[in-house]
Amino acid sequence: MSTREARAGAARLRVAEVSYAVRDRMLLDGVTLEAGPGETVGVVGPNGSGKTTLLRCVYGTLSPAAGRILLDGAEAAALGVKERARRVAAVPQEASGGFELTVRQVVAMGRSPHKRFWEADTARDAEYIEAALERTGGTALAERNFDGLSGGEKQRALVARALVQAPSLLVLDEPTNHLDVRYQLELLALVRGLGTTNLLALHDLNLAAHFCDRLYVLDSGRVVRSGTPEEVLTAEMLAEVYGVRAEVSTHPTTGAPTVVYLPPDPASAPREGRVSAR
Ligand SMILES: Nc1ncnc2c1ncn2[C@@H]1O[C@H](COP(=O)(O)OP(=O)(O)OP(=O)(O)O)[C@@H](O)[C@H]1O
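Residue 53 is where the sequence shown starts when you use the working numbering, and the numbers rise one by one after that.
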């Protein structure tokens, strides 16, 4: 059975005017975002702009101070923990400890929202697990200790765990961070091909252009641009939001916008809070 067959459907996500503050600092300030069923939506923006905070609010490890998060029209906060986990699977940025579990055991944990806590794994669970391991290139890692894996291998195991959860919304925070270029491309193609609704934080704007249907740009906790990659990825946006010079063209083979970064103009002063060019 493929993970595509296992999927419960694709969710409609609506984030409406969500704010989140720590002490008196607004990390998210009235963020509104939508992802339609089956859409792959990218969240981009400079370091510290609020991407991880937003994703955590969506997958439920943070509760927004204001605003609403709706899954297929239902308040996410009102869903039970297990029901939310049946609908939303997350691949967080930092893999926490594997508690000395094997990769197969870590991946199997993704089935738990679908089971009673005393229920043993069934043959069907095993099929989900094998299919997810295979699709993420993790079959050969299955009996390895999770804590002993490289960053990229851990990332792939966590994606496999999210797949066996059979979510209708998949939330991935910098999923390509530790991956070599082949796995970056394979992983994003896999995620896009699942048919789930996908929300991804990405730093690589060329990958975002190629794999996302729409993008939201965060800056200082606010959405400052949104639209198709063609609409959002402009030299003007890169200068304004990231403080970099860039040229954007349409790739002759893929047809996607392609960003080429230029060295900083020595005549222009560095942006406040940014590392100056050496
Ligand atoms: N618990 C916290 N207490 C105080 N500040 C926090 C806390 N969590 C996050 N922040 C701050 O909130 C801002 C947004 O953080 P967040 O991790 O959401 O950004 P990001 O866009 O994901 O960044 P990056 O691209 O570096 O991963 C940052 O300035 C961060 O330092």
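A virtual CB, placed ideally from N, CA and C, is assigned to each residue, including glycine. Remember, it's a predicted structure, so these values are computed and weren't measured experimentally.
Tell me the rounded alpha-carbon separation between residue i and residue j.
i	j	result
Thr-248	Val-223	10 Å
Ala-344	Ser-301	The chain is shown only over 53 to 330; residue 344 falls outside these bounds and no answer can be derived.
Pro-318	Leu-259	28 Å
Arg-330	Glu-299	With a pLDDT of 34 at Arg-330, under the threshold of 50, the modelled position of this residue cannot be trusted; read the value that follows with caution. Their backbone Cα atoms lie some 21 Å apart in a straight line.
Gly-203	Ala-129	32 Å
Glu-182	Arg-156	9 Å
Ser-164	Ser-115	23 Å
Leu-240	Arg-120	28 Å
Val-67	Phe-198	34 Å
Gly-125	Leu-107	18 Å
Met-161	Tyr-180	12 Å
Val-276	Thr-188	34 Å
Measuring CB to CB, does residue i end up less than 8 Å from residue j?
i	j	result
Val-143	Asp-81	no
Leu-65	Tyr-72	no
Leu-270	Ser-101	yes
Thr-154	Ala-194	yes
Thr-48	His-262	Look at the range of the chain in this structure, 53 to 330, and you will see that residue 48 is not part of it.
Ala-141	Leu-185	no
Tyr-268	Val-93	yes
Arg-266	Glu-91	yes
Val-83	Leu-251	no
Thr-104	Ala-308	no
Leu-123	Ala-62	no
Val-311	Gly-97	no
Arg-139	Ser-220	yes
Residue i CB to nearest chain D CB: under 8 Å?
i	result
Ala-261	The chain inventory of the structure shown lacks chain D, comprising one protein chain alone.
Residue i bridges to which residues according to DSSP?
i	result
Asp-271	Arg-274
Asp-317	Paired residue(s): none; Asp-317 is not in a bridge.
Thr-154	Asn-197
Tyr-72	Leu-80
Pro-309	Thr-302
Ala-141	Leu-222
Glu-127	Leu-122
Arg-38	Outside the displayed range of the chain (53 to 330) lies residue 38, so it cannot be described from this structure.
Considering residue i, what are the terminal residues of the alpha helix (DSSP H) in which it resides?
i	result
Asp-177	175–187
Arg-381	Because the chain is modelled from 53 through 330, residue 381 falls outside the range shown and cannot be assessed.
Phe-263	257–263
Glu-146	That residue, Glu-146, is in no alpha helix (DSSP H); it is neither H nor E in DSSP.
Gly-204	203–216
Please report the residue range of the beta strand (DSSP E) in which residue i lies.
i	result
Asn-250	249–253
Thr-92	92–96
Any heavy atom of ligand 1 nearer than 5 Å to the CB - residues listed
Val-74, Leu-79, Asn-99, Gly-100, Ser-101, Gly-102, Lys-103, Thr-104, Thr-105
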